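Q: Residue numbers (our numbering): 78 to 529. Note that the Cβ used here is the ideal one computed from N, Cα and C, for glycine as well. Being a predicted model, the structure only gives us computed values, none of them experimental. Let me begin by handing over the structure; questions about it come next.
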Amino acid sequence: MRAARDLLRFLTPRTLRGRLSLVALTTAALLMTVLTLAFNAVAQQRLQHQADDELRTRAAAVATTIDTTGTTVRVVESSHDNLLDTNVWIYAGPRLLEAPPGTASPLTHVADRLAAHPGRVCVTTTSHQPFRLCALPVAGGHSEATVIAALDLSPYRSSADTLLLGSLALDAVMLASTYALTRLAVGRALRPVRAMTDQAAQWSAVASAERFGSKGHPVELTRLGTSLDSLLDRIRTLLRHEQQLTGELSHELRTPLSRIIAELDWWQSRPRTAAQTRATHQVITDAAVSMRTICDTLLDDARDGSPGTPGTAESLTVLRRLAETSCPPAHLTIIVDGSCPTVGVAPALLERIVSPLLANACRYARASVTVRVHDTSDGVRIEVTDDGPGVPPLFVPHLFEPGRRGDPGDGHSGAGLGLPLARRLARSADGDLRFDHRHTAGARFVVCLPAG
């Protein structure tokens, strides 16, 4: 059984074109077989009817030479007896009156059996060669006679065999034509699929914006192309989100990693006291905790687009701690003031929203950075203001686009991901981040968050 399955699997074509052609060939073969059997059965039946008609016609012609009006059956001689007597038997009841000369005895035995059971009966015998015999009763006044005629069926069988061979040859031609035309038609139908396959192999799901489209394709391929285009769009979106998440993690982890490296370099530069070593360990611990918080916050946001751990935070406390750990330059003063409203986001999320704003302010400010917090009618407003050169007017429309920087050659490092990340996190918490166009002396960014 397993060998048969393996053989069937081996013989089954591996291409869709071959399988469809095989299905069409099998279907056509079954149909042609049924039609051929039906045609040859009808042809043989028709030939047999022709043979019976000829036998009855000959028997009727012989019956005209038989006189049954008297007490005995009498055969009237005629000038065409030789033609009429060919393969003809005449019986008076069961008694044989005349038989064809030189007729083989098996045929005479069959004729005797037919005469013993009067009636319009036809039988076929194949003792030496196929013969058909038909009996025709001849009624009379005082006696009855039976005429039996025989006919050699070899010409009819030959005609039937010729019809069978002809139909088989026609079937073979039809099956070969069906297979060839099916392969040709399927090949032409699958040509767009091959073209789509070649296109997909040449494209890059990330870099290429090419799509299959729906023009010039059948309905089925149009639906397939639309589905594949949608799939490519989703894949491209997912990969873009993955790249964005990777860039954001790298951007946010750079500061705590820099603190760890700086502390280790400072600690290794010369011998330290036990208190200094403990302070270094504490800084490294705080930086590691900050890295873990950054990873958790960004991954939770990337998972479902909403804060993973809802909560509240004392805004002024979080902002002051963030200002203390932001490592500003020595010439820079960070001022955090205002009321102390409760923000309806977790402390870690608030840090991630404000941290890029504070880092940019520290990077471009000349002397001071001011962070102010106060209540509004619809939530909490946090303003981060610096006295730096501000944002170039032409760059303002692109300020929150990932990977864009106003002046890449300004001497400051950065990947252009901090502001887009801060706005995305603020909006995920039902808030927003915007640039204050009215502020001209430096730059001011405004964060609006729900109240806690």
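Under three-state DSSP, which class holds valine 422?
A: Note: valine 422 maps to coil in three-state DSSP.
Q: Suppose you measure from the CA of valine 152 to the CA of threonine 141; what does that come to, to the nearest Å?
A: For valine 152 and threonine 141, the distance between alpha carbons rounds to 9 Å.
Q: Using only alpha-carbon positions, find the residue among Leu112, Thr389, Arg429 that is nearest to proline 418.
A: The candidate whose alpha carbon is nearest that of proline 418 is Thr389.
Q: If you run the structure through DSSP and keep just helix, strand and coil, what is histidine 358?
A: Residue state, collapsed to three classes: helix.
Q: Output the residue ranges of the alpha helix (DSSP H) runs that lie fully inside the stretch 105-162 and measure 4 residues or longer, sorted by chain position.
A: For the stretch 105-162, whole alpha helix (DSSP H) runs of length 4 or above, ordered along the chain, are 158-161.
Q: Count the C-beta pairs between the stretch 444-453 and the stretch 505-515 that are closer than 8 Å, then say yes if the count reaches three, no if not.
A: Result no; under three Cβ-Cβ pairs closer than 8 Å.
Q: Buried or exposed for isoleucine 412, please, with buried defined as at least 16 other CB atoms from any protein chain shown within 10 angstroms of its CB.
A: Under this definition isoleucine 412 is an exposed residue.
Q: Sorted by chain position, which residues of the same chain lie with C-beta nearer than 6 Å to threonine 410's C-beta, five sequence neighbours on each side aside?
A: Excluding positions up to five away in sequence, the list reads Ser445.
Q: Taking the Cβ atom as the reference point for each residue, do alanine 528 and valine 431 lie within a distance shorter than 9 Å?
A: No, the pair does not count as a contact, with Cβ atoms beyond the cut-off.
Q: Helix, strand or coil: which one does DSSP assign to leucine 309?
A: Correct three-state label for leucine 309: helix.
Q: Closest to glycine 243 by CA distance: which of Ala120, Arg311, Asp363 is it?
A: Checking every option, the nearest Cα to that of glycine 243 belongs to Ala120.
Q: Would DSSP call threonine 239 helix, strand or coil?
A: Threonine 239 falls in the helix class under three-state DSSP.
Q: If you follow the beta strand (DSSP E) that aspartate 513 is part of, which residue opens it and which one closes it?
A: That residue, aspartate 513, is in no beta strand (DSSP E); it is neither H nor E in DSSP.
Q: Out of curiosity, what's the CA-to-CA distance linking alanine 282 and serine 416?
A: Here alanine 282 scores only 48 on pLDDT, less than 50, and its place in the model should not be relied on; the value that follows carries that caveat. Alanine 282 and serine 416: Cα-Cα distance of roughly 50 Å.
Q: Can you give me the Cβ contacts of leucine 191 inside the same chain, cut-off strictly under 8 Å, excluding the 5 residues immediately before and after it?
A: Only Val198, Val200, Leu210, Ala212, Thr223, Ile225 meet the Cβ criterion.
Q: Going by the DSSP bridge assignment, what does histidine 451 pair with across the sheet?
A: DSSP, once it has assigned bridges, lists Arg458 as partnering histidine 451.
Q: Once you ignore the five residues that flank leucine 476 on each side, which residues in its own chain have a CB closer than 7 Å to its CB?
A: Val468, Leu496, Phe512, listed in sequence order.
Q: Quick check: the Cα distance between arginine 268 and serine 307, rounded to an integer number of angstroms?
A: Distance between the alpha carbons of arginine 268 and serine 307: 22 Å.
Q: Using the C-alpha atoms, what's the distance from proline 470 back to leucine 334?
A: Cα-Cα distance, rounded: 33 Å.
Q: Could you pull the DSSP bridge partners for leucine 213 from this structure?
A: Per DSSP, Val224.
Q: Would you report the Cα separation of valine 43 and phenylalanine 522, rounded to the nearest angstrom?
A: Limits of the chain in this structure are 78 at one end and 529 at the other, which puts residue 43 out of reach.
Q: Out of Thr145, Leu434, Arg94, which one is the CA nearest neighbour of arginine 260?
A: Considering only alpha carbons, the answer is Arg94.
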